[in-house]
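Note that this note's numbering has the sequence shown beginning at 7, numbered continuously upward.
What follows is a set of notes on a single structure, which appears directly below.
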Amino acid sequence: MSAETQTAADQASHSRCWCCGRARSEDALVHLGNHPEVGICVNCVHFLRRRARDHQATVMRQRLRSAAESVRGEVMARGWHQRPVIGPALRWVNQHLPW
Ligand SMILES: [Zn+2]
7 MSAETQTAAD
17 QASHSRCWCC
27 GRARSEDALV
37 HLGNHPEVGI
47 CVNCVHFLRR
57 RARDHQATVM
67 RQRLRSAAES
77 VRGEVMARGW
87 HQRPVIGPAL
97 RWVNQHLPW
């Protein structure tokens, strides 16, 4: 078998992952719902899932941070942080927030 026929045979039984570009057998690829021509290998599916989770966590953190900052702004504007009971409680919360 020449190199060219070998390549043609490979292409017939293998498709390339649209994410990492590696040749994979057709049954090792996951296809997108609206773009079935796009196949992604299982490794990349896991990789993308991790990326999605990290992305979601980052978005969540940003949302929480801006919510906390707006609450903090309100508290400062009303002077609640200087009240005898609420003040120390708010400072404690502030110190124990993850940022
Ligand atoms: Zn891949």
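All C-beta atoms, glycine included, are put in the ideal place defined by N, C-alpha and C.
Cβ contact check for the segment 72-79 and the segment 42-55: 3 or more pairs under 8 Å: Flag = no, the segment 72-79 and the segment 42-55 do not touch.
Pairwise C-alpha distance: ALA63 and GLN101: The straight-line gap from Cα to Cα measures roughly 21 Å.
heavy atom of ligand 1 below 7 Å from ARG28 C-beta: Distances from the CB of ARG28 to the heavy atoms of ligand 1 include at least one below 7 Å.
For ILE46: DSSP bridge partner residues: In DSSP, ILE46 forms a bridge with VAL36.
Coil, strand or helix - HIS20 by DSSP: Reduced to three states, the DSSP call for HIS20 is strand.
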